[in-house]
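**Q**
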Amino acid sequence: MCKSLRLAYVAEIYESIPMESSETFLTTLFEMEMRLREEAKAERLIKKAKFINNKSLEDYRWHDNIYFPRHLKKEELMSLSFIDHQQNVVLTGAPGTGKTHLAIGLGREACRKGKEVRFFRVSELVEQLTKAWRDGKLSSFHTRLDSADLIVLDEMGYLPLSKESAELLFHLITDWYEKKSIIITSNLEFSQWNRVFADPRLTSALVDRVIHHAHILTFTGDSYRVTHALSRN
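Just so you know, the UniProt record's numbering puts 108 at position 108 of the sequence shown, and the rest follows in order with no gaps.
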């Protein structure tokens, strides 16, 4: 009967619930069914997002070298309200200062709240875009990302892009403009993005779309990875 009603967990958990009253029993039973469904959904979404590690907000080390814009507090960022308003988050600063960890932590938390997320290293995304374009499947590639609420683009600016690749990425981000949220991590300030996108006009147009409705956090200080390695010697 549980299978027919698509109650995935009731048959497994009903014996563990105290029978204080019929109402309490059923309420607790259905609450657990709903909670387990939400947890299973979150795990599916996390798997679909394809994060590169298991980092989370719970194990993130906040430090004094993260500079928030005046209008944004840490608690508001962690609430993920920016996703509901199709706003972006841009994390800029030196390598090893915690940008990717925070981006993945926010993405993983979004999955737990039922949001669809996709994670890409920018270099890998560009490779996929270029292949889809050459295979005549660019439209279907864009369509596969339509259902995502949040896109995480990691390491923008680590490698320069060809004119073809830059245009493909520009058009993809343009498609997402004011339709979904983007988290971008970059070791470059916006004024240096022309190193990545050779065309100044394209660079200007891309930055304009990214920073509109965006929360920009700046990371300074020494690399955590380097500091950690030195502390072991």
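Note that CB positions come from ideal geometry on N, CA and C, so glycine has one too.
What is the DSSP secondary structure of residue 236, counted as helix, strand or coil?
**A** Since the first residue shown for the chain is 1 and the last is 233, residue 236 is missing from the structure and cannot be characterised.
**Q** Straight-line CA distance for Lys-3 to Tyr-9?
**A** Lys-3 and Tyr-9: Cα-Cα distance of roughly 9 Å.
**Q** Across which residues does DSSP place Gly-93 in a beta bridge pair?
**A** Paired residue(s): Phe-219.
**Q** Which runs of the beta strand (DSSP E) spanning at least 3 residues fall entirely within the stretch 54-131, listed in chain order?
**A** List check, beta strand (DSSP E) in window: 88-93, 117-121.
**Q** In angstroms, rounded to a whole number, what distance separates the CA positions of Leu-159 and Glu-58?
**A** In a straight line, the C-alpha of Leu-159 is about 31 Å away from that of Glu-58.
**Q** Please name the residue in Leu-153, Gly-96, Phe-190 whose C-alpha comes closest to that of Glu-119.
**A** Looking at the sequence shown, residue 119 is not Glu but Phe. Looking at the Cα atoms, Leu-153 is the closest of the given residues.
**Q** Taking a contact to mean a Cβ-Cβ separation below 9 Å, would you say Gly-105 touches Tyr-67 in this structure?
**A** In this structure, Tyr-67 does not lie closer than 9 Å to Gly-105 by Cβ.
**Q** At the level of alpha carbons, what is the spacing between Ile-151 and Glu-33?
**A** Taking the straight line from one Cα to the other gives about 30 Å.
**Q** Pull the bridge partners of Val-152 from the DSSP assignment, please.
**A** Val-152 pairs with Phe-119, Ile-183.
**Q** So Met-34 is in the alpha helix (DSSP H); what residue range does that whole segment cover?
**A** Where Met-34 is concerned, the enclosing alpha helix (DSSP H) stretches over 22-49.
**Q** Do you know how far the Cα of Asn-65 is from the Cα of Thr-174?
**A** Taking the straight line joining both Cα atoms gives about 31 Å.
**Q** So for Glu-15, helix, strand or coil by DSSP?
**A** Helix, per DSSP.
**Q** Work out the CA separation of Met-156 and Gly-221 for me, nearest whole Å.
**A** When rounded, the distance between both Cα atoms is 19 Å.
**Q** Please state the DSSP three-state secondary structure of Pro-200.
**A** Helix.
**Q** Quick check: the stretch 127-145 against the stretch 164-171, are there 3 or more CB pairs under 8 Å?
**A** Taking 8 Å as the limit for Cβ pairs, the verdict is that the stretch 164-171 does touch the stretch 127-145.
**Q** Locate the alpha helix (DSSP H) running through Trp-176, then write down its first and last residues.
**A** Note, Trp-176: alpha helix (DSSP H), 163-176.
**Q** Do Leu-217 and Leu-91 count as a contact pair if the criterion is CB distance below 9 Å?
**A** Result yes, Cβ atoms of Leu-91 and Leu-217 sit closer than 9 Å.
**Q** Just confirm the distance between the C-beta atoms of Asp-199 and Lys-163, as a whole number of angstroms; I'd bet it's less than 8 Å.
**A** Right, their Cβ atoms sit about 7 Å apart.
**Q** Quick one: give me the first and last residue of the alpha helix (DSSP H) that Leu-7 is part of.
**A** Unbroken run through Leu-7: none, as it is neither H nor E.
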